[in-house]
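**Q** Pasting a structure below so you can have a look.
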């Protein structure tokens, strides 16, 4: 098994990491985060995150373009 990235894979990894660094909420290891529930909680946050991923070109990346 070859764990070395191709140039294309390394470029994608760097692009994805940069996008996550500027778009994902930073989490503290070991800290317990409480989930907010209901319409005022998770759903709006989930919708916002999915839109942000889509706008950034990172939604459905495992689905064939065809």
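In the numbering used here, the protein residues as written are 3 to 68.
All C-beta atoms, glycine included, are put in the ideal place defined by N, C-alpha and C.
Measure the alpha-carbon distance for residue 18 versus residue 45 and round it to whole angstroms.
**A** The residue you call residue 18 lines up with position 16 of the chain shown. The residue you call residue 45 lines up with position 43 of the chain shown. The alpha-carbon atoms of residue 18 and residue 45 are separated by roughly 24 angstroms.
**Q** Between which two residues does the alpha helix (DSSP H) containing residue 47 stretch?
**A** As a first step, residue 47 must be located in the chain shown, where it is residue number 45. Note, residue 47: alpha helix (DSSP H), 44-58.
**Q** Please state whether the Cβ-Cβ distance between residue 61 and residue 52 is less than 9 angstroms.
**A** As a first step, residue 61 is located in the chain shown; it is residue number 59 there, counting from the start. As a first step, residue 52 is located in the chain shown; it is residue number 50 there, counting from the start. It is a contact, given that the beta carbons lie within the stated cut-off.
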